[in-house]
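Structure first, commentary second.
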Amino acid sequence: MTIARLAAAAGLLTPVDHTLILIDHQSQMAFPLNSITVGDLRANTATIARAAAVFGVSTILTSVAATSFSGPVFPEITRAFPEAPIIDRTTMNAWEDAAVIGEVNRIGKRRIVLAGLWTSVCIAGPALSALEQGLEVYVIADASGDISTEAHDRAMQRMIQAGARPMTSLQYLLELQRDWARGETYDATTGIAIDHSGAYGIGLLYARAMLGEHAREG
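Take the sequence shown: its position 159, counted from the start at 1, is 173 in this note's numbering, and no numbers get skipped.
What follows is the structure, encoded as structure tokens:
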């Protein structure tokens, strides 16, 4: 009896099956964070933004009251997408903004991956709204944050209970790469990890220094 077959789980993300929406990674929104340090948040946000750019993921960038209150989007995002428009909103829930929904519909993918500030408002709102409309929703928990750990954790629980799937920034990067034999994105993937993934990145640097060209998983 055969009980296993060569196939990835349908729930795993690929570069072409989802839209990444980065919401309100802005200076004023980051000032009161307590669930994660701003340094860690920026590193994790850089990981997913650069990953999306490298793998050609459909990506929507959006801000709230950028010129009148919340300030510019993190440079880690604009460096990854230098030509991309940023949809500025007045709504706290991006799913209530016509321009954002216009982009979601134009792209036309049923899987949505979310990250941003704050988890309890600007991520929970679109996550719950998209789920209610029948879309699949993933939330990158460590590229999101809130004014307290309690606020972040309760928001994550609320979204998970509604059907959202949590993940981390490094998980997102490695899920897109999936196979170290994919040489066309190998150097970019490991380069992102070296720059932003703490001890794992230092380990990659060590392996390259000690083993040279032999330090390749693929």
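Ideal Cβ positions, reconstructed from N, Cα and C, are used throughout, including at glycine.
Inset, instruction - Kindly indicate the opening and closing residues of the alpha helix (DSSP H) around R222. - result: G212 to L225
Legend entry - Test item: CB-CB of T73 and A65 under 8 Å: no
Inset, instruction - Please list, in chain order, all residues of the same chain as M15 whose beta carbon is under 8 Å from its beta carbon, the five residues on each side excluded. - result: none
Legend entry - Whole-angstrom distance between F83 and L20, CA atom to CA atom: 51 Å
Legend entry - Buried or exposed (CB count within 10 angstroms, at least 16 for buried), T104: exposed
Legend entry - Pair within 8 Å by beta-carbon distance, A113 and C136: no
Inset, instruction - Please state whether DSSP places V1 in a helix, a strand or coil. - result: Past the boundaries of the shown model lies residue 1; the chain is included only from 15 to 232, so the question cannot be answered.
Legend entry - Start-end ranges of the beta strand (DSSP E) lying completely within the segment 78–112, minimum 3 residues: 100–103
Legend entry - Residue range of the unbroken alpha helix (DSSP H) whose run includes T28: No alpha helix (DSSP H) contains T28, which DSSP labels as neither H nor E.
Inset, instruction - Compute the Euclidean distance between the alpha carbons of I17 and L26, then round it to the nearest angstrom. - result: 20 Å
Legend entry - Secondary structure of S72, DSSP reduced to three states: strand
Inset, instruction - State the Cα-Cα distance for the pair A94 and G197, rounded to the nearest angstrom. - result: 21 Å
Legend entry - Chain-order list of residues whose beta-carbon lies under 6 Å from that of I121 (same chain, five-residue window excluded): T33 and S72
Inset, instruction - Return yes when the Cβ of A138 is within less than 8 Å of the Cβ of R172, no when it is not. - result: yes
Inset, instruction - Keeping to the same chain, check which residues put their C-beta closer than 7 Å to that of T182; ignore five residues upstream and five downstream. - result: I154, A155 and D156
Inset, instruction - Would you mind sorting L219 into buried or exposed? The rule is 16 or more other CB atoms within 10 Å of its CB. - result: exposed
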